[in-house]
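See below for the structure under consideration.
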Amino acid sequence: MKTRRLLAAAAALALLPMSAEAQTAKTLKIGVLNDQSGLYADMGGVGSVAAARLAVQDSGLIEKGWKIEVLGADHQNKPDIASNIARRWFDVEGVDVVTDVTNSAVALAISSLARDKNKVELVSGAATSELTGKQCSPNTIHWTHDTWALANGTGKAIVQTGGDTWYFMTADYAFGHALERDTEAVVKASGGKVLGKVLTPLNTPDFSSFLLQAQSSGAKIVGLANSGVDTSNSIKQAAEFGIVEGGQKLAGLLVYLTDVHSIGLPIAQGLLLEAAFYWDLNEGTRAFSDRFSKEMRGRRPTMVQAGVYGSVIHYLKAVEALGDSKDGKAVVEKMKATPTDDIVMGKGQVRADGRKIHDMYLFEVKAPDESKGEWDYYKLRQTIPAAEAFRPIDQGGCPLVTTN
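When you line the sequence shown up against our numbering, it's residues -19 to 384, in that order.
Okay, structure coming up:
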């Protein structure tokens, strides 16, 4: 009898409501999907995973009892591999949001998948402006930069200072094509001419034949519509061929801090570049960068890694406000409705087309004698206000944008 009574009491307790703490326990999974072993690993890679974890720490949600896990995976710059990873994350592992997503072809593929699964994609590493153009999605936010902004910052500045004839060396995939297209439009609109162009394979170690074509074109500017190690290698090899010594100039249309670090100031000095973030820009960027540096053995963050931090911070604010919403579209709508504000990129907003807008900056790479030490590479030339930095919302063709 006594045993039966104990069993009955245990059964009754099992039917009682859970404690308030158990009832309110909330979980989230964040997937950082990027290149961790190839040409884009330095500007994103494991550094983006570290940035996402810093954002989780700073959100204050852990102290409130939330359980938040940050995963990382290498998509190897292949859309099929990336899609398989993201599908497994969404369907099996319960990942709520995918961030970074270097490589534009990958970002476009994951954007479609996130929409189908009603998850969230926060793009920091990919640059194609198509993400907020005709291929925009109610589940995707494009956070850090894009090809339109880069073209209208770096490209326009170079044409205005006399660089009015161009030859493009273009990475042969979605990002390179978009960057070339957007820059060519700016060059022509500013009165310049494009004398030629050549497509280069992604992650090729040898740019010699392409550089010889650019050299023989006679163009004042050799526009590098590439990124990551491709940019570093093409600039280094251009120095070997005497491109700049021969009177031509290089336009690095997407150059990261890690590229300059790899190239070195003796070769990179004087290069104009555009960025959404620089570690030594202000007190907030320095504070974040010091913490990041401790996690990454002294390395300073790129704008992509800073963008991962900022986008995850804003995402977590939206999820908390909605009360642990697993509805990806609703979370993105909340992110659009809430002004952005973080220590890495300051104040901004997310538009209806999914484009996050903020100030952009035109920098010049310092000469070796101007640098105070490792990672002290940039001097500010111009601040481009948020309202001017990105494509006007009514010009991208995004179906989410309604026009009167």
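Where is the CB? At the ideal position from N, CA and C, for every residue including glycine.
Just so we're clear, the structure is a prediction, and the values are computed from it rather than from any experiment.
Collapsed DSSP secondary structure at residue i in the structure displayed
i, result
"Tyr357", "coil"
"Asp16", "It should be noted that the sequence gives Gln, not Asp, for residue 16. Gln16: coil per DSSP, three-state reduction."
"Val202", "strand"
"His122", "strand"
"Asp307", "coil"
"Gln375", "helix"
"Met276", "coil"
"Met283", "helix"
"Arg271", "helix"
"Gln249", "coil"
"Lys346", "coil"
"Ile42", "coil"
"Glu368", "helix"
"Thr318", "coil"
"Ala131", "helix"
Contact under 7 Å by Cβ, residue i with residue j
i, j, result
"Asn119", "Val312", "yes"
"Leu204", "Leu233", "yes"
"Ala151", "Asp60", "no"
"Ile114", "Gly377", "It is worth fixing the name first, because residue 114 is Lys in this sequence and not Ile. Yes, they are a contact pair."
"Asp322", "Ile293", "yes"
"Ser39", "Leu342", "no"
"Tyr153", "Val240", "no"
"Ser212", "Ser188", "no"
"Ala267", "Val324", "no"
"Gln228", "Ala347", "no"
"Val78", "His55", "no"
"Met276", "Ala256", "no"
"Val178", "Met149", "yes"
Exposed unless 16 or more other CB atoms sit within 10 angstroms - verdict on residue i
i, result
"Val235", "buried"
"Lys47", "exposed"
"Leu102", "buried"
"Ile138", "buried"
"Lys200", "buried"
"Asn83", "buried"
"Ser196", "exposed"
"Gly143", "buried"
"Thr163", "buried"
"Ile42", "exposed"
"Gln37", "exposed"
"Gln375", "exposed"
"Leu8", "buried"
"Asp333", "buried"
"Gln140", "exposed"
"Asn132", "buried"
"Trp355", "buried"
Distance between residue j and residue i (C-alpha atoms, nearest Å)
i, j, result
"Val12", "Ala32", "8 Å"
"Thr265", "Ala129", "21 Å"
"Lys58", "Ala107", "16 Å"
"Gly278", "Ile121", "30 Å"
"Asp126", "Ser109", "5 Å"
"Ala366", "Glu254", "13 Å"
"Glu1", "Ala298", "With a pLDDT of 44 at Glu1, under the threshold of 50, the predicted position of this residue should be treated as unreliable, and no value is reported."
"Ser252", "Asp71", "Correcting the residue type first, residue 252 is Leu in the shown sequence and not Ser. Distance between the alpha carbons of Leu252 and Asp71 is about 44 Å."
"Gly27", "Pro281", "7 Å"
"Asp76", "Lys99", "6 Å"
"Ile65", "Glu225", "46 Å"
"Gly171", "Trp146", "12 Å"
"Thr320", "Arg331", "11 Å"
"Ser214", "Arg361", "24 Å"
*Only counting runs of 4 or more residues, tell me where the alpha helix (DSSP H) segments fall wholly within the segment 133 to 166, in order along the chain.*
Listed in chain order, the complete alpha helix (DSSP H) runs (minimum 4 residues) inside the segment 133 to 166 are 136 to 140.
*Sequence ranges, beta strand (DSSP E) only - wholly within the segment 62 to 113, length at least 3*: The DSSP assignment places complete beta strand (DSSP E) segments of no fewer than 3 residues inside the segment 62 to 113 at 77 to 80 and 100 to 103, in order along the chain.
*Enumerated in chain order, which unbroken segments of the beta strand (DSSP E) with a length of 3 residues or greater are wholly contained in the segment 164 to 247?*
For the segment 164 to 247, whole beta strand (DSSP E) runs of length 3 or above, ordered along the chain, are 173 to 180, 201 to 205 and 229 to 232.
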